[in-house]
Amino acid sequence: MTLTPAQRTIGEGIDRLVSIEITGRGVIGDLYQAARALQDAPLCLTAAARLLEKVHKGQVVILATGLPMYPWFAGEQDGPVGTATLARALLLAVDAGLYVRPLDDALSLPTTAAVLPFPLEWEEAAVRAQALLDTLRPSALVAIERTGANEHRQYHSSSGKRLTDYCGKIDTLFASAGEREILTIGVGDGGNEIGCAAIRDSVLQAVPHAARCACPCGGTTIPEVPTDLLIAAAISNWGAYGVEAGMALLLERPGILHGRDIDARVHDLCAAAGANNDGPGLLDVGADAVAAPLHGHIVDLLGRMVESGIDFGRLYREPRYPWF
145 MTLTPAQRTI
155 GEGIDRLVSI
165 EITGRGVIGD
175 LYQAARALQD
185 APLCLTAAAR
195 LLEKVHKGQV
205 VILATGLPMY
215 PWFAGEQDGP
225 VGTATLARAL
235 LLAVDAGLYV
245 RPLDDALSLP
255 TTAAVLPFPL
265 EWEEAAVRAQ
275 ALLDTLRPSA
285 LVAIERTGAN
295 EHRQYHSSSG
305 KRLTDYCGKI
315 DTLFASAGER
325 EILTIGVGDG
335 GNEIGCAAIR
345 DSVLQAVPHA
355 ARCACPCGGT
365 TIPEVPTDLL
375 IAAAISNWGA
385 YGVEAGMALL
395 LERPGILHGR
405 DIDARVHDLC
415 AAAGANNDGP
425 GLLDVGADAV
435 AAPLHGHIVD
445 LLGRMVESGI
455 DFGRLYREPR
465 YPWF
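In my numbering, the protein residues as written are 145 to 468.
Dropping the structure here:
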């Protein structure tokens, strides 16, 4: 897909917005620059374009998420929220599916999705990966805030805590998809997520604890399995939002990007299901210790960018500028 100058301009703005340092960790600037050095065009827009090229009506996309938070080993709202809103965007963009049903139903009904667990043991996971790819024949796989295994097959938090016993071994699925030349995309914010293998050196330099974890394995916190594309964002949900915005821009359909009301509702439901807001592990509504209303502001700004990109210069043709 060839990008116009206006699309590239808006795409750069989307990337800058979703990678702005808001949590004070001081790592996303370096991680973004490393990821961007691998691609000619903006990260979110590139991922959006590739998804639109690869995924067509009725086809399957596998979205992977879930990062257990130490020491509770319970899920967080960063990841699941972006996964849900990206699923909605894929439905609107290419009719890929949304309503949650059992797998057999999801394969036979339109606009459906299935939520599937994944094995905790490596051997079982490898078998499951091949079976899923054979059965579903996905057009793409996207991991959003999904931790990956390091060189010792151990999973870690960004601070180096061991999470291995609580993580489905989804790396087998992404590795097998890569071998089959199925599009794979990783979205992360801390260097320990699937896809960050592509920027290993930068993660080692930028992220504290990345070079040596805090568990007995003594390895890095960086996953070994790469993805075709990597999106580095300040908060992983925002990376997913950026992909939505990219699809909305390319298809000239602003409604593909969800609005702040949907964003608030998904955060509410995620918290009600027991996912925490990082930091102290409270079940308040938000992600990465950022309150939900602030995430809504990001969605609003992305929407404004998309509208500007679709009709570049419309602002200056509005009635208050009669000389145009």
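In this text, a Cβ means the ideal position worked out from N, Cα and C, and glycines have one as well. As the structure is a prediction and not an experimental result, all values here were calculated from the model.
Where residue i falls, given that 16 or more other Cβ within 10 Å makes a residue buried
| i | result |
| --- | --- |
| E337 | buried |
| T364 | buried |
| W266 | exposed |
| G335 | buried |
| G430 | buried |
| F318 | buried |
| G210 | buried |
| R290 | buried |
| V450 | buried |
| R180 | buried |
| H200 | exposed |
| W216 | exposed |
| G292 | buried |
| G304 | buried |
Sequence-distant residues of the same chain with beta carbon closer than 6 Å to residue i, five excluded per side
| i | result |
| --- | --- |
| C359 | R306 |
| T371 | T328, I329, G330 and G339 |
| D428 | N421 |
| S302 | G334 and N336 |
| A321 | L285 and T328 |
| A389 | I158, L401, L446 and V450 |
| A178 | I343 and S346 |
| S163 | I172, Y176, A377 and A378 |
| T279 | none |
Residues of its chain near residue i, where Cβ-Cβ distance is below 8 Å and the 5 sequence neighbours each way are ignored
| i | result |
| --- | --- |
| L174 | Looking at the sequence shown, residue 174 is not Leu but Asp. So the list reads S346, Q349 and A350, once near-sequence residues are dropped. |
| Q298 | R306, T308, C357, C359, C361 and G363 |
| A182 | The residue asked about is misnamed: residue 182 is Leu in this sequence, not Ala. Taken in chain order, the residues that qualify are A342, I343 and L374. |
| R324 | L277 |
| E156 | P186 |
| M213 | G219, E220, S301, N420, D422 and G425 |
| P398 | A392, G447, V450, E451 and I454 |
| F456 | A150 |
| I406 | T229 and R232 |
| G418 | A218, G219 and L427 |
Spatially closest choice to residue i from the options, by CA coordinates
| i | options | result |
| --- | --- | --- |
| H411 | A384, G440, G423 and I400 | G440 |
| L264 | A257, A258 and A273 | A273 |
| T146 | R169, A178, I172 and A193 | A193 |
| I154 | H300, A392, V238 and K198 | A392 |
| L235 | E220, I206 and N294 | I206 |
| E295 | T148, V369 and F262 | V369 |
| P352 | R169, S163, F456 and T148 | R169 |
| A208 | Y176, F262, P254 and S163 | F262 |
| I326 | G403, D405 and L195 | L195 |
Nearest-angstrom beta carbon gap, residue j and residue i [assumed within contact, 8 Å]
| i | j | result |
| --- | --- | --- |
| L401 | A228 | That pair is no contact at about 14 Å. |
| P367 | D315 | 7 Å |
| L230 | V271 | Not confirmed; about 28 Å, so no contact. |
| V225 | N381 | 5 Å |
| S252 | K198 | With a Cβ gap of about 22 Å, S252 and K198 do not count as contacting. |
Contact check, residue i vs residue j, beta carbons under 8 Å
| i | j | result |
| --- | --- | --- |
| I288 | G223 | yes |
| D246 | A257 | According to the sequence as given, residue 246 is Pro; it is not Asp. It is not a contact, given that the beta carbons lie outside the stated cut-off. |
| G312 | A376 | no |
| A384 | E165 | no |
| A408 | A435 | no |
| C414 | Q221 | yes |
| A433 | T167 | yes |
| P237 | L395 | First, the residue type needs correcting, since residue 237 is Ala and not Pro in the sequence shown. Taking 8 Å as the Cβ cut-off, A237 and L395 qualify as a contacting pair. |
| A239 | G202 | With the sequence shown as reference, residue 239 is identified as Asp, and Ala is not the correct amino acid for it. Yes; because the gap between Cβ atoms is below 8 Å, this pair is in contact. |
Neighbourhood of residue i by C-beta distance below 7 Å, restricted to the same chain and skipping five residues each side
| i | result |
| --- | --- |
| T190 | Q183 and L373 |
| L161 | I442, L445 and L446 |
| R281 | V204 |
| L260 | L247 |
| R404 | G440, V443 and D444 |
| Y310 | P212 and F217 |
| T148 | none |
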